[in-house]
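Visitor: Let me give you the structure first, and then I'll get to my questions.
Residue numbers (the working numbering): 75 to 435.
Next up, the structure:
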């Protein structure tokens with residue numbers, strides 16, 4: 075993969091508190107970092123800001139990292155260059171430089187890109203010479219373009235759905251730059267878990283991406299997810315369900331929170347104004363049976379019994395209105411007729427049954 079090299083120049087002024095070691099000659103080093111071509115920001119069309127953090131890792135242990143200093147936000151130029159002046163830096167061992175890049179000057183905003191150096195030392199012998207620290211700068215979890223963003227989908231029976239009657243689903247996740255995903259059935263559950271993992275026992279999933287089922291490309295599936303899990307809600311309750319998600323990586327960076335919603339519907343469709351006209355009918359009449367439903371129904375499961383009459387479907391002018399016609403001729407027996415029907419909605423709720431009475435005299 076093609077690399078793009080950018081240069082971050084830091085002017086290091088080194089000060090000491092002990093007089094015998096005092097030297098006002100500045101040491102300096104340059105930091106170079108690389109972008110994957112696909113991940114490099116477009117500096118010419120959007121503002122980006124850099125923060126430089128200096129850490130010390132006692133005994134080289136990352137878990138014991140101590141933040142020594144952090145700069146204020148410094149804007150990149152439209153060509154992707156930035157120069158940051160650092161002062162009051164002390165010599166020492168086991169130093170690590172970290173660069174964080176955001177899309178605004180606010181440090182509370184999400185980090186979009188980051189890089190971390192290898193361990194290095196900075197000593198008095200480094201005066202007047204350049205110390206190079208290589209940084210591999212990568213996008214943080216969820217950072218992508220308009221066509222490839224971290225998102226969630228609700229899947230049932232292999233299809234993306236927006237309405238269901240069974241609350242066990244698959245959550246499909248487009249993983250962008252992360253290796254761990256957290257899902258929750260409410261925003262409060264997610265926030266509580268992120269603040270204190272021990273405070274939440276249900277209603278969430280915390281999975282390494284490697285534990286999920288591969289679908290295709292960057293998409294992974296969390297199967298057998300129960301949308302009512304962790305919620306104080308009746309099993310047969312309808313209404314909206316929302317799944318919230320975050321992506322994480324090993325460096326502790328998180329994506330923005332994303333969500334996906336689905337409507338739970340456990341109610342059978344209602345029949346509206348079933349009627350036959352004219353009623354009673356006479357020889358030569360065209361009898362019309364009309365009925366509609368409170369919501370779209372599954373046409374393949376619509377079961378109609380015309381009591382021996384040859385009704386044919388006509389094209390309805392209004393959506394979800396069904397119209398059938400029959401012409402009375404000399405072969406039609408004079409009697410009362412009962413037209414019966416049974417229907418399910420598009421997600422399987424039902425059946426709703428109905429009858430329409432008619433007569434030929």
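Ideal Cβ positions, reconstructed from N, Cα and C, are used throughout, including at glycine.
1) How would you write the range of the alpha helix (DSSP H) that residue 32 sits in, first residue to last?
2) Where residue 402 and residue 349 are concerned, what is the direct C-alpha to C-alpha distance, given to the nearest angstrom?
3) Is the segment 332 to 352 close to the segment 303 to 321, with three or more CB pairs under 8 Å?
4) If we count Cβ pairs, one from each stretch, closer than 8 Å, do we get three or more for the segment 171 to 190 versus the segment 290 to 303?
5) Taking DSSP as the reference, what is the three-state secondary structure of residue 424?
6) Would you mind stating whether residue 251 and residue 217 have Cβ atoms separated by less than 8 Å?
7) Classify residue 129 as buried or exposed, calling it buried when 16 or more other Cβ atoms lie within 10 Å of its own Cβ.
8) Nearest by alpha-carbon distance to residue 125: which of 145, 288 and 135 is it?
9) Determine whether the beta carbon atoms of residue 343 and residue 423 lie at a separation below 8 Å.
10) Considering only C-alpha positions, which residue in the set 369, 380, 384 and 411 is nearest to residue 392?
11) Rounded to the nearest angstrom, what separates residue 226 and residue 121 at their Cα positions?
12) Quick check: what's the CA-CA separation for residue 119 versus residue 291?
13) Is it true that the CB of residue 215 sits closer than 8 Å to the CB of residue 329?
14) How is residue 169 classed by DSSP in three states: helix, strand or coil?
15) Under 7 Å: does the beta carbon of residue 141 sit that close to some heavy atom of the ligand MG?
16) Any idea which residues DSSP pairs residue 139 with across the strands?
17) Using three-state DSSP, classify residue 284 as helix, strand or coil.
18) Report the three-state DSSP secondary structure of residue 326 (helix, strand or coil).
19) What residue range does the beta strand (DSSP E) around residue 236 cover?
20) Near residue 167, which residues of its chain fall below 6 Å by C-beta distance, leaving aside the five closest residues on each side in sequence?
21) Which same chain residues end up closer than 7 Å to residue 388 when comparing Cβ atoms and leaving out the 5 residues on each side of it in sequence?
22) Determine, using beta carbons only, whether residue 254 and residue 283 come nearer to each other than 8 Å.
23) Since residue 144 sits in a beta bridge, which residues does DSSP pair it with?
24) Compare the C-alpha of residue 345 against each of 418, 293 and 275 and name the closest.
25) Rounding to the nearest angstrom, what Cα-Cα distance links residue 266 and residue 230 in this structure?
26) Could you check whether residue 381 and residue 411 sit closer than 8 Å to each other, using their CB atoms as the reference points?
27) Rounded to a whole number of angstroms, what is the C-alpha to C-alpha distance between residue 213 and residue 364?
28) Kindly indicate the opening and closing residues of the beta strand (DSSP E) around residue 120.
Guide: Looking at the atomic coordinates:
1) Because the chain is modelled from 75 through 435, residue 32 falls outside the range shown and cannot be assessed.
2) 17 Å
3) The segment 332 to 352 is in contact with the segment 303 to 321.
4) no
5) coil
6) yes
7) Burial check for residue 129: the Cβ neighbour count within 10 Å reaches 16 or more, so the residue is buried.
8) The shortest C-alpha separation from residue 125 is found at 145.
9) Note that the C-beta distance between residue 343 and residue 423 is below 8 Å.
10) 369
11) The straight-line gap from Cα to Cα measures roughly 28 Å.
12) 29 Å
13) yes
14) In this structure, residue 169 counts as strand in the three-state DSSP scheme.
15) You won't find the ligand MG in this model; it holds no ligand whatsoever.
16) According to DSSP, which records beta bridges pairwise, residue 139 is partnered with nothing at all.
17) Here DSSP, grouped into helix, strand and coil, assigns residue 284 to helix.
18) coil
19) For residue 236, there is no enclosing beta strand (DSSP E), since its DSSP letter is neither H nor E.
20) Shown here for residue 167: same chain residues with a beta carbon closer than 6 Å to its own, the five before and five after excluded, namely 195 in chain order.
21) 397, 398 and 399
22) yes
23) 127
24) 418
25) Spanning the two alpha carbons is a distance of roughly 28 Å.
26) Contact check for residue 411 against residue 381 passes: the beta carbons are separated by less than 8 Å.
27) 59 Å
28) Per DSSP, residue 120 belongs to no beta strand (DSSP E) and is neither H nor E.
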